[in-house]
Every structure is written in structure tokens, then in C-alpha cells.
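This report refers to the structure that appears directly beneath it.
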Amino acid sequence: MNTRAGLNLRGLIRTIPDYPKPGIMFRDITTLLADRAGLRAAIDELIWPFLGADIVHVVGIEARGFILGGAVAHELGLGFIPIRKKGKLPYKTIGQDYELEYGVDTVEIHADAIQPGDRVLLVDDLVATGGTADAAIDLIRKSGGEVVAACFIIDLPDLGGAARLRGKGVTVHTLVGFEGE
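Following the numbering used here, the numbering of the sequence shown begins with 2 at its first residue and continues without gaps.
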């Protein structure tokens, strides 16, 4: 994708073959984050559909969602709420289990972070199968919040995550797709 500023974000994302295991093409955004024009353009592209939207908070998923979500929240003039792996938040939490390839994991949010009716924007770096984002959406809804949209820099459409989230009635905004690779 070329941004409104004409920058090719896809070209700033490093691909690492066979990581973390053979057959996986890992999409590494650290190279995009390190590029000041790339980072600025990515944040600008993530926020533009939501300028002036009725949103109360930005929610980011651990860990790269914290980097992006914090910047998105700042640019939109909103507060930021973290969703973390189980046991990482210091106050009373509510959790949501989700399935992994070999087992189950849990994400949590502070029990008082989202108030009933709060409209939130979910942010993470990448949507693959959509399992973590799906769990985050369930967690936000369990908290009484409404997910306005979920946005990601990267979509891996062959893995079906964005479609999975759309099937739950969530608008999905992505910047770069890696299909069939």
C-alpha cells in the first residue's frame, strides 16, 4: 500500500522465512517502526477513518499493539487501555480464553477499564487467524464496551482472521496485505 504521502509501507516490513518455525514467513514490523517516515505514515493511515468518530478509548493488544495503540490514542486525543496476557495486570481483571495451535491462552483487561456503552477502537500490528483479536473483542464486549472497529498494519488474508472478525460484526481496517506468500 502506498500511503497518502506516497510511502510504500509494505517495503518497510521485513520478511523472515522459517521463523518461528519452518514454513512460516514472519512479517516483522520493527523495521517499519524504526523508520520515522514509515511510523508516521502508518499511524496516520490507521487513524484517518476514525478522525471525529465517537470513540472513548483505544485498546491495544500486547505487545506491538501497545506501541501502535498508544500512538493512535495520542493522535486521536483518547486514552489507551492495554489487553495483556494472563497475570500481567496488577488490579482486578476479567479474562477471556482463546485457543492456540497447541492449547489455550488467556487475555485480560482491568475490570474497571471499560464502562458499559464505551465505544472503543481495537489496535494491533497484525491479523492472522484472528484468535487473539477475537478474544480481545469478546473481552471488550464482556466489559460492556462496543467495538467500533479493529485496525491492523498487516492482514494475512489467507489465514482468515479479518473475515472472522467481520463475521462478528466488526469493521476491520488494515494497511498491508500479504496474500499467498
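Glycine included, C-beta positions come from ideal geometry on N, C-alpha and C.
query	result
Helix, strand or coil: how does DSSP classify residue 31 here?	helix
Is residue 17 near residue 29, with beta carbons less than 7 Å apart?	yes
What residues match up with residue 151 in a beta bridge as DSSP calls it?	123 and 173
Secondary structure at residue 168, three-state DSSP: helix, strand or coil?	coil
Taking the beta strand (DSSP E) that residue 15 belongs to, which residues open and close that run?	15-18
When you compare the CB positions of residue 268 and residue 56, do they come within less than 7 Å of one another, or not?	Past the edges of the chain, shown from 2 to 182, lies residue 268, and the structure says nothing about it.
Which of the three DSSP states is assigned to residue 81 in this structure?	strand
If I follow the unbroken alpha helix (DSSP H) through residue 46, where does it start and stop?	37-48
How would you label residue 50, buried or exposed, when you count the other beta carbons within 10 angstroms and need 16 or more for buried?	exposed
One question on the structure: do residue 177 and residue 141 come within less than 7 Å of each other, judged by their Cβ atoms?	no
So residue 138 and residue 166 are in contact, right, with Cβ under 8 Å, and what is the actual spacing, rounded?	7 Å
Could you give the DSSP three-state label for residue 70: helix, strand or coil?	helix
Verify whether the separation of the beta carbon atoms of residue 38 and residue 10 is less than 7 Å.	no
Measuring alpha carbon to alpha carbon, tell me which of 92, 85, 106 and 99 ends up nearest residue 124.	85
State buried or exposed for residue 73, treating a residue as buried only when at least 16 other CB atoms are found within 10 Å of its CB.	buried
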